[in-house]
Structure formats: C-alpha cells, structure tokens
Amino acid sequence: MALFNKKSNEKNLQIKIPEHLGIIMDGNGRWAQKRMLPRSAGHKAGAQTFRKITRYCSNIGVKYLTVYAFSTENWKRPGDEVSALMNLFKSYLEEALADFKDDSIVVRFIGDKSQFSKDLQKLMIENEESSKDRDGMVLNIAMNYGSRDEIVRAVKNISSNVKSGELNIDDITEETISSYLYTSGQPDPDLIIRPSGEYRISNFLLWQCAYSEFVIMNKLWPDFTTDDLDEALEIFSKRNRRFGGV
Ligand code: FPP
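Counted from 1, the sequence shown has number 173 at position 187 by the numbering used here; the numbering is strictly sequential.
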C-alpha cells in the first residue's frame, strides 16, 4: 500500500493510500432540495465533484477508483431525473472524460451497458477503447450497475462454462468467482467512502467488499472536497485491518 507524503493533522500518523478506493456518490438530490433547485442541478454539481475528486485520487496514487454513478435500481426514478442524468453522462463522455487523458487515466464502465441509448453505449465503448493503453489510475464508472445483477451474471457464465466442459466444478474457487465479475483482475476495494451520512451499501461491490473498510462522511456529495477525502484517508489509516486474523 502506498504511503502519502502529505502531513496528517495528527503527528506521527502515516497516511495510507488505498490501492482500490470505492465511492458511493450520494446526496446530490438533497443538496439541490436544500437550495430549492431541481434534483438535476444536484447531479450537475455532483459531476463537478466527481471530476475534481477523480483527478485528486489519481494525483495521490490511488491505483483503482470505482465510483457509483447509476444503479440498476435508479431507473425507478422520475423520467425527467433519469433523462437529466443520461444527458449529463452524455456530455461528460463527450467532453470531460477527455480531460482524464492528461492524467493517463484508464476509463472503464462496469455494469450492463445494453440498457443505455445506442449513442451513450457508443461513447462508453469509445472512452474505454481510447484510454485502454494508458498507464495511470483505472477509473471504474459503475453505470447501470448492481452487485446482485453482477453475481447473477457470473453464476450464469460459470454454469454455462461448466455445462460446455470448459470449467470443472471442483476447480471453482473464490478466485474463479472474482474473475467472472466486472472487476476481474483488480484488487478488492480497501476503502469505501459514502458521503451524505447514509449507512448503506446499496448493492455496490457486494462480493468485492468482504474486507473493505467503510467511512461514512456527513457531507453531501456536491459539497465533498479534497480535504474531506484527506479526512477519510486519515480515518482509514488508523484502522487495524485484520482480514479475519488477529
Ligand atoms: C445519488 O444521489 C447520485 C446519483 C444517483 C447520481 C450520481 C451521478 C453523478 C455524481 C454524476 C457523475 C457523472 C459521471 C459521468 C460519472 P441521490 O440523487 O440519491 O441523492 P439523495 O440521496 O440526496 O436523493
């Protein structure tokens, strides 16, 4: 695990940088409501925070960042909110993600792309293709992602490979299951941050978070700053991770 050379507020605390950080970007709606604005304004502000925090994570040496942008359950939201989010994703994929080129960030989408418009799917694939040979942080953007759905898919693919004889039941291990998930080949998240004060995992990386540390912050996502991230890293650095041992 990389160490952060930035000074902590507490003397003698060595700040640890998680190799894989997960963020549930929550609180956009409440942020907008507090300002008597439409929820879409909260998502727009949240997208700016996403851009800033992503670059910061890349600068401090996070190797994998997974952000939860749209869940398999978010389609249940009012039609105008879903279309505002789709427009926001589209404009981001057209412009802002190009910014990440300067930071050598590899962009990947985890989740089922097939439910998005053809335009959006094309942009997602283009972003993945154009960034795949970069050597910087891997950014997983979870869109139409649900961990239960991910596990169902893994079980179906494993079963089909057992049926065809490609895979032997006795050879199925925890690593096999991990390798059938969208995050195949990546380390499990060390830390998951949820702003907005909610104590829920909301169908995010259920298999992968078996030994992740959780930090809940009382800030709505659009208000989340790099100082808040530093504070979360400080809390994480004080945790004693035992992975079931002593
Ligand atoms: C949860 O807040 C947030 C979302 C469902 C959308 C997150 C999307 C962004 C931050 C835009 C990022 C853009 C890209 C391209 C990845 P909420 O609406 O559930 O807030 P609430 O709990 O206060 O209602």
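Idealized CB from N, CA, C, for every residue including glycine. These numbers were taken from a predicted model, which means no experiment stands behind them.
Counting along the chain, Tyr42 sits inside the alpha helix (DSSP H) bounded by residues Arg25 to Ile46. Between Ile3 and Val48, the C-beta gap is smaller than 8 Å, which places the two residues in contact. Assignment of beta-bridge partners to Asn154 by DSSP yields no partner. Contact check for Asn143 and Tyr166: beta-carbon distance about 5 Å, within the 8 Å limit, so the pair qualifies. Here DSSP, grouped into helix, strand and coil, assigns Ala55 to strand.
Following the DSSP letters along the chain, one finds Gly65 inside the alpha helix (DSSP H) bounded by residues Gly65 to Ser77. Using a cutoff of 7 Å, the CB of Asp88 does not count as near the ligand FPP, since none of the ligand's heavy atoms is closer than that. Between Trp207 and Thr58, the C-beta spacing is not below 8 Å. When C-alpha distances from Ser198 are compared across Met123, His6 and Gln172, the shortest belongs to His6. Phe56 counts as buried, since no fewer than 16 other beta carbons sit within 10 angstroms of its beta carbon.
Taking 8 Å as the cut-off, the Cβ atoms of Leu51 and Leu125 count as close. At a threshold of 7 Å, Arg21 does not count as near the ligand FPP, since its beta carbon sits no closer than that to any of the ligand's heavy atoms.
Less than 8 Å divides the Cβ of Asp174 from the Cβ of Ala196. Not one heavy atom of the ligand FPP falls within 7 Å of the beta-carbon of Ser26. In this structure, the CA atom of Ile221 is about 28 Å from the CA atom of Ser170.
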